[in-house]
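K.L.:
Each protein sequence line maps, in turn, to chains A and E. Following this note's numbering, the numbering of the first sequence begins with 506 at its first residue and continues without gaps. Following this note's numbering, the numbering of the second sequence begins with 6 at its first residue and continues without gaps. Positions of the beta carbon are idealized from the N, C-alpha and C atoms, including for glycine. Source: prediction; values computed, not measured.
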Amino acid sequence: MFSALISLGMLGATIRISTPLILAAIGAALSLKANLFNTAIEGFMLIGAFLAVLLSTKLENPYVALLITVLMTGLLGVLYGFVTITLGSDHIIAGLGFNLFATGITTWILQSVLNSPGGFMDPSIKNLPVVNIELINNIPILNVIFNDQDLITYSAWIVFAIAYLFVHQSKFGLRLRATGEYQLAASTLGIKTIFWKYFAALWTGIMAGLAGASISLSHLQMFSQGMTAGRGFIAFAAATFANGNILGTTVMALLFGFFGSVAIRLEGYGLPTQFVQMIPYLMTLLALIFTRRNTKK
Amino acid sequence: MSAEKDRIRSIKDDSKRPYRSFADFIKIFFRRFRSKNRASVLLQTAVAIILALLAGAILVLIVGENPIKAYMALAKGSFGSWPAIARTLRVSSPLIITGLATAVAFRAGVINLGVEGSLYLGALSAALAGIYIKGLPLAIHLPLALLVGALVGGIWAFFPGLLKAFFGVDEIVASLMLNYIAVLLIDYLVLSFFLDPVIGTTSDRPATLPIPETAKLPFISEKYGLTIGILIGVVLAFILAFMYKRSIWGFESDMSGYNRRFSLLGGVNIAKMNLFTMVISGMLGGLAGATESLGVYGRYVSGFSTGIGFDGVAVALMGNLSPLGTVVGAIFFGALKNGGAAMEVSVNVPRDIILVVEGLILAVVTAHKLFIFLRLGLQKSTEEI
């Protein structure tokens, strides 16, 4: 049983399940570095998942759909920033508000505009084409990781690289982190702290939108009500475990993705579905106990 | 020089300054409110509601419906007639208790977002106590079933409370995760052990056997589903209000929410307080679930809560975390939800707009810099950099 769990197929599944988690977790990490506890990610992901599928049908071009989706969730991210940074709302409560908003608005549009309550599936949904690099077809592990994946999966790796370089290696990242560490000191040094906070909020929105699109558009080509199912919270948890460190966050997200794929595997062994579905949440809880990170200020 | 003095005096004493214009009047009106804490919070809540309703109206316009018509239908459906009021109160009853559950936690500085999980577990366990304990009279059976619901809800909240109190684990993510786990656990339990053989195969929502009359909450109005659950909520609110005013626990709880360090130095056992608060909050959540399954449903119906636990957060914040304010907040949200359902029938605007409005209210209800942003006060917040 164990050897079946650790197989190349597992690796592919892990990558597939991790993609939205990595994207959203990196978004959360950027916010965390700027001292924003952005729990609204869950809602952004839901809206991202919804818009990506909807626009892909209406526009018949997945790339344009993806672009607009990401712009819209980025806008929402800025809105969240406005509410928390400028208006001074409580981060967690405002996040909860945005999540309710996302649930409400997706259900609303499903019902009254699209006339398909519960979910949305259309044969004309254009998904992103998968990429196959022939060069690595014969290299076993690289083949599973990098081949037959679509644009969003690749983008997760690119995002990881950019975010790592940005946050930990560039002077702009230093400014962002300084803002998060001690806003008053940072602003005394002439850093535009408000700008960096908004910047983080914007990127969190964009990342979450991409993550949502990867859930709906990449693999399932459909949207169902509440389909993100707490993955935004898990991503948020992944970021808090690593204290916003991009590398650590990504590793945690991969770990959660791995548990997700283990869960899917276990379903074949006669374990009740509900318990299998519980595994990601239980693992997050366990990780919380081991790392003891505090999300509050 | 004397003119300068006058100017300073006039700034000092707003109440005696003549209003220069209508805008000036509004400004001073708001500023005077800002000086009084409670009134300013009330005003902030009102502004949050108005902003959210406006945003909702814009969304209705975008979809191509008439927002005035929609809101009229909403108002009529929530308070327009006696049956409408009865239905509003019915929807409000669980919200009062989940609101109290959230208020108790938030006041002590514990962000329990797991009321939803406690609610589900409380609902199921109360229903099971009602179904499988037999031969008791109503006077014993009903309180017992309610107690079982509350206890199981409390035990569920005990986990994140324990993790927070002794391992320093953050309760926000932990309680959120436990919500998902609770729902899955209950689905498993109901589907594999307690399924009603008749309803279970015909309905798409799994349910348990019906609860016998000895464990059901008496109806105030059977037609509109209003049970004495609402009285339980109101009585609890009064008890809590009294506790916060008079009891040592209430004082210590408020103190540890207000300033953790100060209360620690003042001799409050913070770990114990956190744990206790979490359990009380969970018990209230469980009780809310119990009043639902023992009340209008008469059995445990899977997925019966459409976010009642999360609504508690909005309800409690609307009431400024005071128990009696929570009752008002619950009736407000009950009215929105019930009116929303009526609106869905009469105007082509689905009830989900209420969720949108609720979310927007939550987004700005805690915004302490809202007035600064709206330029309604002169005093700058010290936090602003």
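1) Between the alpha carbons of A/S719 and A/T658, how many angstroms are there, rounded?
2) Tell me the start and end of each unbroken alpha helix (DSSP H) in the region 136 to 202 of chain E that is at least 4 residues and wholly inside, in chain order.
3) To the nearest whole angstrom, what separates the beta carbons of A/G762 and A/M577, a pair I think is in contact under 8 angstroms?
4) Less than 8 angstroms between the C-beta atoms of E/A75 and E/V65, yes or no?
5) Report all residues from its chain with a CB closer than 7 angstroms to the CB of E/Y125; omit the five preceding and five following residues, and keep chain order.
6) Only counting the same chain, and skipping five residues up and downstream in sequence, which positions put a Cβ closer than 7 angstroms to that of A/L689?
7) Give the residues from the region 595 to 609 of chain A that approach chain E closer than 8 angstroms (Cβ to any Cβ), ordered along the chain.
8) With 16 as the cutoff for other CB atoms within 10 Å, does A/I597 come out buried or exposed?
9) Just tell me which of A/G773, A/V767, A/T789, A/L707 has its CA closest to the CA of A/G735.
10) Apart from the five residues on each side of it in sequence, which residues of its chain come closer than 8 angstroms, Cβ to Cβ, to E/I177?
11) Report the neighbours of A/V588 on chain E: residues whose CB is nearer than 7 angstroms to its CB, in chain order.
12) According to the neighbour-count rule (16 or more other Cβ atoms, all chains shown, within 10 Å of its Cβ), is A/S523 buried or exposed?
13) Is the region 94 to 103 of chain E touching the region 225 to 236 of chain E, taking contact as three or more C-beta pairs under 8 angstroms?
14) Under 9 angstroms Cβ-Cβ, which residues of chain A neighbour E/F84?
15) Near A/I552, which residues of its chain fall below 8 angstroms by C-beta distance, leaving aside the five closest residues on each side in sequence?
16) Between A/A718 and chain E, is there a C-beta pair that is closer than 8 angstroms?
17) Unbroken beta strand (DSSP E) runs of length 3 or more, entirely within the region 86 to 126 of chain E: which are they?
18) Going by beta carbon distance, what residues of the same chain come within less than 7 angstroms of A/K702, once the five residues before and after it are set aside?
19) Return the chain-ordered list of same chain residues with a C-beta closer than 6 angstroms to the C-beta of E/S20, the five sequence neighbours on each side being excluded.
20) Determine the DSSP secondary structure at E/G303, reduced to helix, strand or coil.
21) When burial is assigned at 16 or more other CB atoms within 10 Å of the CB, is E/E363 buried or exposed?
22) Thinking C-alpha only, which one of A/G624, A/S594, A/T693 is nearest E/A53?
23) Throw me the rounded Cβ distance for the A/F665 and A/I527 pair, which I believe falls under 8 angstroms.
24) Using the Cβ count rule (16 or more neighbours within 10 Å means buried), how would you classify A/M732?
25) Enumerate, from N- to C-terminal direction, the unbroken beta strand (DSSP E) stretches of 3 or more residues contained entirely within the region 540 to 607 of chain A.
26) Can you tell me which of E/W87, E/A62, E/I136 puts its alpha carbon nearest to the alpha carbon of E/E218?
27) Hey, E/G391 and E/G314: beta-carbon distance below 8 angstroms or not?
28) Measuring only between beta-carbons, confirm whether A/W613 sits less than 8 angstroms from chain E.
29) Would you tell me roughly how many angstroms separate the C-alpha atoms of E/V361 and E/A57, rounded to the nearest one?
30) Could you check the C-alpha separation between A/L584 and A/K697 for me, to the nearest Å?
31) Below 7 angstroms on C-beta distance, what does A/V618 contact in chain E?
32) Count the C-beta pairs between the region 276 to 284 of chain E and the region 162 to 178 of chain E that are closer than 8 angstroms, then say yes if the count reaches three, no if not.
33) Contact check, E/G339 vs E/T93 under 8 angstroms by CB: the rounded distance?
P.N.:
In short:
1) Position 214 of the first sequence, counting from 1, holds the residue named residue 719 of chain A. Position 153 of the first sequence, counting from 1, holds the residue named residue 658 of chain A. Spanning the alpha carbons of A/S719 and A/T658 requires a straight line of approximately 8 angstroms.
2) Counting only runs of at least 4 residues, the region 136 to 202 of chain E fully encloses the following alpha helix (DSSP H) elements, listed from N- to C-terminal order: 143 to 172, 176 to 197.
3) Within the first sequence, numbered from 1, the residue matching residue 762 of chain A stands at position 257. Within the first sequence, numbered from 1, the residue matching residue 577 of chain A stands at position 72. The C-beta distance from A/G762 to A/M577 rounds to 26 angstroms, too long to fall under 8 angstroms, and the pair is not in contact.
4) Position 70 of the second sequence, counting from 1, holds the residue named residue 75 of chain E. Position 60 of the second sequence, counting from 1, holds the residue named residue 65 of chain E. One thing to note: E/A75 has its Cβ within 8 angstroms of the Cβ of E/V65.
5) As a first step, residue 125 of chain E is located in the second sequence; it is residue number 120 there, counting from the start. Non-local beta-carbon contacts of E/Y125 in its own chain, meaning distances under 7 angstroms to residues more than five positions away in sequence, involve A187, V188, I191, G294, S310 in chain order.
6) Position 184 of the first sequence, counted from the first residue, corresponds to residue 689 of chain A. Excluding residues within five positions, none has a Cβ falling inside 7 angstroms.
7) Answer in chain order: D595, I597, I598, A599, L601, G602, F603, N604, L605, F606, A607, T608, G609.
8) Along the first sequence, read from residue 1 onward, the residue named residue 597 of chain A stands at position 92. By the 10 Å Cβ count, A/I597 comes out buried.
9) Indexing the first sequence from 1 puts residue 735 of chain A at position 230. Ranking the options by Cα distance to A/G735, first place goes to A/T789.
10) As a working mapping, residue 177 of chain E is identified with position 172 in the second sequence. Excluding residues within five positions, the ones whose Cβ falls inside 8 angstroms are I116, L118.
11) The residue labelled residue 588 of chain A in the question sits at position 83 within the first sequence. Correct list: A368, V369, A372.
12) On the first sequence, residue 523 of chain A is found 18 positions in, with the first residue counted as 1. Burial call: buried.
13) Judged by Cβ distances under 8 angstroms, the region 94 to 103 of chain E makes contact with the region 225 to 236 of chain E, as three or more pairs qualify.
14) Position 79 of the second sequence holds residue 84 of chain E. Within 9 angstroms Cβ-Cβ: nothing; E/F84 doesn't reach chain A, min ~22 angstroms.
15) Reading the first sequence from its first residue, position 47 is the one you call residue 552 of chain A. Excluding five sequence positions before and after A/I552, the CB atoms of its chain that fall closer than 8 angstroms to its own CB belong to M577, T578, L581, A607, I610, T611, G714, G717, given in chain order.
16) Reading the first sequence from its first residue, position 213 is the one you call residue 718 of chain A. Residue contact check for A/A718 against chain E: no CB pair falls below 8 angstroms.
17) Annotation note: the region 86 to 126 of chain E contains no uninterrupted beta strand (DSSP E) run of length 3 or greater.
18) Stepping through the first sequence from its first residue, residue 702 of chain A is reached at position 197. Cβ within range, chain order: A539, L541, G586, I590, T684.
19) Counting from one through the second sequence, the residue named residue 20 of chain E turns up at place 15. Residue placement at E/S20 is poorly supported in this model, since its pLDDT is 49, which falls under 50; the coordinates still yield a value, given next. Within the same chain, E/S20 has no close Cβ partners at all.
20) Counting from one through the second sequence, the residue named residue 303 of chain E turns up at place 298. E/G303: coil per DSSP, three-state reduction.
21) In the second sequence, the residue the question calls residue 363 of chain E occupies position 358. A residue is called buried once 16 or more other Cβ atoms fall within 10 Å of its Cβ, and E/E363 is buried on that count.
22) Counting from 1 along the second sequence, the entry for residue 53 of chain E is found at position 48. Cα-wise, what sits closest to E/A53 is A/S594.
23) Here residue 665 of chain A refers to the residue found at position 160 when the first sequence is read from its first residue. Here residue 527 of chain A refers to the residue found at position 22 when the first sequence is read from its first residue. The C-beta separation of A/F665 from A/I527 comes to about 7 angstroms, placing the pair in contact by the 8 angstroms criterion.
24) Residue mapping note: residue 732 of chain A aligns to position 227 of the first sequence, counting from 1. That one is buried.
25) You should have found no qualifying run.
26) Here residue 218 of chain E refers to the residue found at position 213 when the second sequence is read from its first residue. For E/E218, the closest of E/W87, E/A62, E/I136 by C-alpha to C-alpha distance is E/I136.
27) This structure cannot settle anything about residue 391 of chain E, because the visible part of chain E is limited to 6 through 390.
28) The count along the first sequence starts at 1 and reaches residue 613 of chain A at position 108. At a cut-off of 8 angstroms, the C-beta of A/W613 has a neighbouring C-beta in chain E.
29) Residue numbering aside, residue 361 of chain E sits at position 356 when the second sequence is read from its first letter. Residue numbering aside, residue 57 of chain E sits at position 52 when the second sequence is read from its first letter. Near 8 angstroms, if we compare the C-alpha coordinates of E/A57 and E/V361.
30) Here the question's residue 584 of chain A lines up with position 79 in the first sequence. Here the question's residue 697 of chain A lines up with position 192 in the first sequence. The alpha-carbon atoms of A/L584 and A/K697 are separated by roughly 19 angstroms.
31) Here residue 618 of chain A corresponds to residue number 113 of the first sequence, with the count starting at 1. Going along chain E in sequence order, the residues near A/V618 (Cβ under 7 angstroms) are V68.
32) Of all C-beta pairs linking the region 276 to 284 of chain E to the region 162 to 178 of chain E, three or more are shorter than 8 angstroms, placing the two stretches in contact.
33) If you number the second sequence from 1, residue 339 of chain E lands on position 334. If you number the second sequence from 1, residue 93 of chain E lands on position 88. Confirmed, Cβ separation roughly 5 angstroms.
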